[in-house]
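Shown next, in structure tokens, is the structure this report addresses.
Number of protein chains: 2
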Amino acid sequence: MSLIIVGSVAFDTIETPFSRRERIVGGSGTYCSLAASFFTRPKIVGVVGKDFPQETLGLFKQRNIDLQGLEIRRGKTFHWEGKYGYDPNQRTTIKTELNVFRNFKPKLPPDYRAADIVFLANIDPDMHEHILSQVEKPKLVAMDTIRLWIETKTDALLKELEKVDIFFANDEEVKLISREINLVKAGKKILEHGPSVIIVKKGEHGALVFGRDLVFGVLAYPCEDVVDPTGAGDSFAGGFLGYLDKAGSFSKKEIRKAAVYGSVIASFVIEDFGIDRFKSLTSQEIEGRFRHFKKLVSF
Amino acid sequence: MSLIIVGSVAFDTIETPFSRRERIVGGSGTYCSLAASFFTRPKIVGVVGKDFPQETLGLFKQRNIDLQGLEIRRGKTFHWEGKYGYDPNQRTTIKTELNVFRNFKPKLPPDYRAADIVFLANIDPDMHEHILSQVEKPKLVAMDTIRLWIETKTDALLKELEKVDIFFANDEEVKLISREINLVKAGKKILEHGPSVIIVKKGEHGALVFGRDLVFGVLAYPCEDVVDPTGAGDSFAGGFLGYLDKAGSFSKKEIRKAAVYGSVIASFVIEDFGIDRFKSLTSQEIEGRFRHFKKLVSF
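Residue numbers (our numbering), protein chains in the order written: chain A, 135 to 433; chain B, 135 to 433.
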């Protein structure tokens, strides 16, 4: 099968209680594509400015990511600045500079149009239609979102949910969309809007997968050193969809395994700043931790 | 084997965003004993006033709980008042009236002294020694605690930890004792104080079990209607220890199963106010949900 990933390729300035990093490479499309690249050859759709480092483009190529859909434009790359509290689940956005992302209206390269799986990372829901209309016959459409779109583009978001098979969101977002405090009820309510599967990401508490006749819980790997939680959710989605693309099936069994691979990849990413951990990560490490996840929950 | 449970048998006044109940039966010893009674014949140690309802004593007898260690004194039963926010993990104590519990210095009945497992529910750590000195040769000592003792009797608490095999605490308490924000590090630090197993209860996010060469995660059952979260942690401990007492072994395998039974029992208790759910709960229901837990995490 084949997977296209539409998201931001960006610079992040990140402050944690222990350290600060300025303008390191990040973005939902970046994390997601790198994560997926351990399972399949993802096709990235995004835009960067001339200031984007050659070194990262080299890493993308080395990880065999299809870069035909990554535009390099005159101007500055999207820049996000955020701050974490002592609790890594608490994040505040300090600044968002859209830059070249502002007027990004991607035209998909010809062989992207035949994609089987489309992932719309946390982009403006108004852009979803623009992308989806270019894909011939996707077998599976997945999307993620952020608080910003839930609060400012609720109607557009709910409309897009109708066209989506798998919806990724964190627990706060799921409660916000459904106006339900109970996660199970919240998940069920969102299922009524269209998706057949909801993945509720809960940070250090793992994730819950809700579908029709499906409830599955996956832990977060107990990490002793959470260096930088940025990109954990996007990496989860990338690992999840990359695995499904490789598996070639969307059965409940594969969805369960995909969620575990998502959690495994996320657990590696947070061990270092930005995308640094991807530089050394191997498939052997991923498989090792996947096996460990089985031990972690078996009784 | 045999299990003694030392804790409060009390009245609770509970306010949730949806309802309020005045002076219903609760208490750590109550929840824990009722939960354990589905696996073994627990021996309760506690004190109540003359105002304690006969109906509940009848329920204890019906559940075959050994009541030799439950004193009935002239005076009023311990009374706790608390309030929950929309997030059931958020609880505020409004009032604690110790009443007959104030000068409780239990003398264990003769056949309690031969107990194999001792559970010290969230009682004053200064009382631990008084109890433990009366038990001849316990094979396993477990304890729970609350924020109050961590903040007001830190030294006594740390000293008691040295004598304990299994320590139950919620995530907030574990972080508070260890002064570590990361749960894995926090768990490891507490292991150094003496216990061989730490059970970190995380409410709706389940529990983590840390031991030497043991990390195990158990989910909370995804409940759609959390009516009253009171007693969930005590019921977890009761199910856990009741199962271990029945199993007659403290192997890693049994500890994993015990944690799942703990989570199963807790998931039932919160479906109704106070101890009401225990009145109709059956072993068949428990076994059914235990099997469901396997499905919930299998991949």
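We treat Cβ as the ideally placed atom computed from N, Cα and C, and that holds for glycine.
| Item | Value |
| --- | --- |
| Beta-ladder partner(s) of H426(B), from DSSP | Partner(s): none; H426(B) has no beta bridge. |
| Inter-residue spacing [alpha-carbon to alpha-carbon] between D146(B) and D278(A) | 43 angstroms |
| Under 7 angstroms from the C-beta of E314(A): neighbouring residues of chain B | Correct list: empty, because the minimum Cβ distance to chain B is about 10 angstroms. |
| Distance between E205(A) and R425(B) (C-alpha atoms, nearest Å) | 51 angstroms |
| Check whether I139(A) and G161(A) have beta carbons under 8 angstroms apart | no |
| Endpoints, the beta strand (DSSP E) within which K203(A) is located | Before going on, a small fix: residue 203(A) reads as Gly here, not Lys. Where G203(A) is concerned, the enclosing beta strand (DSSP E) stretches over 200–207. |
| Buried/exposed call for E338(B), threshold 16 Cβ in 10 Å | buried |
| Cβ shell of V298(A) (< 7 angstroms), same chain only, five flanking positions each side left out | V275, A276, M277, G328, P329 |
| Contact set for F235(B): own chain, Cβ-Cβ below 7 angstroms, skip 5 residues either direction | S142, V181, F212 |
| Any chain A beta carbon closer than 8 angstroms to E270(B) | no |
| Buried/exposed call for I228(A), threshold 16 Cβ in 10 Å | exposed |
| C-alpha distance - Q202(B) paired with Q268(B), whole-angstrom precision | 15 angstroms |
| Alpha carbon of T286(B) to alpha carbon of E306(B), nearest angstrom | 16 angstroms |
| Straight-line Cα distance separating T150(A) from L282(A) | 22 angstroms |
| Whole-Å CB distance - L353(B) paired with V431(B), under 8 angstroms assumed | 6 angstroms |
| Chain B contact for V394(A) (CB, 8 angstroms cutoff) | yes |
| Close Cβ partners of L168(A) (< 8 angstroms) along its chain, the five nearest in sequence each way excluded | L193, F194, R197, I199, S369, G372, I409, F412 |
| The region 351–365 of chain B: positions lying closer than 8 angstroms to chain A by Cβ | G351, V352, L353, P356, C357, E358, D359, V360 |
| Outcome for K177(B) when other beta-carbon atoms lying within 10 angstroms are tallied against a minimum of 16 | buried |
| F427(A) vs L415(A) beta-carbon contact at 8 angstroms | no |
| Cutoff 8 angstroms: K391(B) Cβ touching any chain A Cβ | yes |
| Where D221(A) meets chain B, residues with beta-carbon distance less than 8 angstroms | I315 |
| Where R236(A) falls: helix, strand or coil (DSSP) | coil |
| Reduced DSSP category for H213(B) - H, G, I as helix; E, B as strand; rest coil | strand |
| CB contact flag (I284(A), D221(B), <8 angstroms) | no |
| Contact belief for L137(A) with G321(A) at Cβ below 8 angstroms, rounded distance in angstroms | 24 angstroms between Cβ atoms; not a contact. |
| Whole-number beta carbon distance between F384(A) and K335(A), since they are thought to touch under 8 angstroms | About 19 angstroms; that fails the 8 angstroms criterion. |
| 3-residue-minimum beta strand (DSSP E) runs that sit fully inside the region 163–199 of chain A, ordered along the chain | 177–183 |
| Burial state of E263(B) (16 or more Cβ within 10 Å) | exposed |
| Residues bridged to R247(B) (per DSSP) | Looking at the DSSP assignment, R247(B) forms no beta bridge with any residue, so it has no partner. |
| Where the beta strand (DSSP E) containing E156(A) begins and where it ends | 153–160 |
| Cβ-based burial, T88(A) [other Cβ within 10 Å; buried from 16] | Outside the shown range of chain A (135 to 433) lies residue 88(A), about which nothing can therefore be said. |
| Under 8 angstroms by beta carbon: chain B residues contacting H339(A) | K336, H339, G340 |
| Assumed close pair C166(B), A249(B) - CB separation to whole angstroms, cut-off 8 angstroms | In fact, because the Cβ distance is near 14 angstroms, the residues do not count as touching under 8 angstroms. |
| C-alpha gap between E189(B) and I420(B), whole angstroms | 24 angstroms |
| As assigned by DSSP and simplified to three states, the class of R346(A) | coil |
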